[in-house]
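In our numbering, the protein residues as written are 501 to 833.
Here is the structure we will look at, set down as structure tokens.
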Ligand code: NAD
Ligand code: UDP
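Printed below as a string of structure tokens:
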């Protein structure tokens, strides 16, 4: 079985590639390296002893993309490629709509043309909008998104539903990730954001390594257990394994469209993460409480029951693992 992994050198794509290779799947990676680099390929090889085939191609370039479909007989596509900085999507919506939508449309067009009708798509908990209940269940459906990044994820989910309605030979898994953090335990794969990190764990790591003096905690007056925001942090290796399970599901079903939350089902607060990081790694994280960040919700976490029942997938890693592996990667790099 040959699998095309788009965005395969990125944070979640690289971890998923390793898990697929551990299960002996043959993978082909495509990435334009706009948020990754070729060293990741060598590190995947160091972990798996196999160098995967790689195309440096931008998915918005349909002619270049078609080359992959002409040169290979593919069975499945796992589509990670896309820009993911929420704040930047607000400032540069056209860049985001162009890259993330056109890439996906080109990919779907090629899949249709070359009769590759099995897809796993990276969606996000952001598509729920603000449903009122902090425990997000797939049956809630999509809500009102609050930034271009989220709107695009929601649009792509709709596009996939329309596609399936038009031709029910497609078999599609939509995976809604909560907050992936952590890194590969080898210290060879992880997340290296460009510039000032937006997300909590990358920021904590830059404080831990002395790149930044302190963490800004965005609000401690939320109606949560300690007043700081609550999220469902999940180890990236658990997320990666969720893709292997989703792949097995679509192989087995043959057709259909299936949506799953990939989360722990546990809400951890910002303070929980800071305290755990300090305890596990013996590193102090100085912080200041600042104003709430615009657009942030107080609390949300996944109901992971559907993935557990239908994919037989459950998280295995703890918040301690997430903190230890993130710091191990940061120190190595
Ligand atoms: P990432 O930026 O590390 O990986 C994405 C990869 O896609 C990068 O290597 C980048 O170079 C590549 N890419 C971007 N545009 C491309 C294009 N036009 N052509 C070819 N390659 C392109 O991001 P990630 O954290 O691994 O996220 C993967 C997917 O999961 C994204 O779709 C993201 O929106 C989604 N997601 C991520 C999170 C998260 O917290 N990391 C949460 C929910 C959903
Ligand atoms: N957060 C914070 N300081 C930061 C970055 C994030 O206090 O420098 C908080 C943020 O307000 C939210 C939580 O950490 O409550 C998770 O934020 P992140 O950006 O990592 O994920 P998302 O907002 O997408 O869930």
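Every residue, glycine too, gets a C-beta built ideally from N, C-alpha and C.
query: Going by the CB atoms, is the gap between residue 691 and residue 496 shorter than 8 Å?; result: The requested residue 496 does not occur in the structure, where the chain is confined to residues 501 to 833.
query: For residue 604, count the other beta carbons within 10 Å of its own beta carbon; 16 or more makes it buried, fewer makes it exposed. Which is it?; result: buried
query: Need the endpoints of the alpha helix (DSSP H) that residue 829 sits in, please.; result: 819-832
query: What are the residues that DSSP puts in a beta bridge with residue 716?; result: 788
query: Just to confirm, does residue 583 get its C-beta within under 7 Å of one of the non-hydrogen atoms of the ligand UDP?; result: no
query: Any heavy atom of the ligand NAD within a distance shorter than 7 Å of the CB on residue 801?; result: no
query: Unbroken alpha helix (DSSP H) runs of length 4 or more, entirely within the stretch 629-707: which are they?; result: 648-666
query: Three or more beta-carbon pairs under 8 Å between the stretch 789-800 and the stretch 714-722, yes or no?; result: yes
query: Inspect the beta-carbon positions of residue 645 and residue 629 and report whether they are closer than 8 Å.; result: yes
query: As an exercise, report each continuous alpha helix (DSSP H) stretch of at least 4 residues that is fully enclosed by the stretch 566-590, in chain order.; result: none
query: In the DSSP assignment, the alpha helix (DSSP H) including residue 519 goes from what residue to what residue?; result: 511-522
query: Run through DSSP, which three-state label would residue 607 get?; result: helix
query: Which same chain residues, not among the five before or five after residue 741, have their C-beta less than 6 Å away from its C-beta?; result: 519
query: Could you check whether the Cβ of residue 733 sits closer than 7 Å to any heavy atom belonging to the ligand NAD?; result: no
query: For the structure I just gave you, are there three or more beta carbon pairs, one from the stretch 749-761 and one from the stretch 707-717, closer than 8 Å?; result: no
query: Give the secondary structure of residue 506 by DSSP, where H, G and I count as helix, E and B as strand, and everything else as coil.; result: strand
query: With a floor of 3 residues, list each beta strand (DSSP E) that falls wholly inside the stretch 736-763, ordered by position along the chain.; result: 756-762
query: Assuming residue 681 contacts residue 771 under a Cβ cut-off of 8 Å, what Cβ separation, rounded to an integer in Å, is found between them?; result: With 8 Å as the limit, residue 681 and residue 771 do not qualify as a contact, their Cβ atoms being about 15 Å apart.
query: If residue 800 and residue 649 are in contact, beta carbons under 8 Å, what's the gap, nearest whole angstrom?; result: Contact doesn't hold; Cβ gap of about 16 Å is too wide.
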